[in-house]
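Notes follow once the structure below has been shown.
Residue numbers (full-length UniProt numbering): 1 to 78.
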């Protein structure tokens with residue numbers, strides 16, 4: 001996971017072809033959880049961190065994925 005852009009509302013990451021965006025039955029760690037952990041550590045946030053998935057890419061596909069850091073940003077992205 002490589003962070004390409006981040007501001008107060010969104011975070012854009014480069015997804016590799018082997019990563020999944022949201023959890024599935026394989027049990028692999030999804031990109032959304034990696035982002036959540038990244039934000040918790042970077043900003044030293046206790047508890048849960050909001051991450052909204054604006055869109056998904058299939059597992060074998062690589063590319064830019066946008067995540068909302070606030071519910072308001074998620075509504076605007078959708």
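Glycine is no exception: its CB is placed at the ideal position from the N, C-alpha and C atoms.
- The three-state reading of DSSP puts residue 54 in coil, since its state is none of H, G, I, E or B.
- The beta-bridge partner set that DSSP reports for residue 15 consists of 63.
- Comparing C-alpha distances from residue 72 to each of 36, 50, 23 and 1 shows the shortest one belongs to 50.
- In the structure shown, residue 75 falls within a helical segment according to DSSP collapsed to helix, strand and coil.
- Check the Cα spacing between residue 4 and each of 77, 74, 76 and 63: the tightest is with 63.
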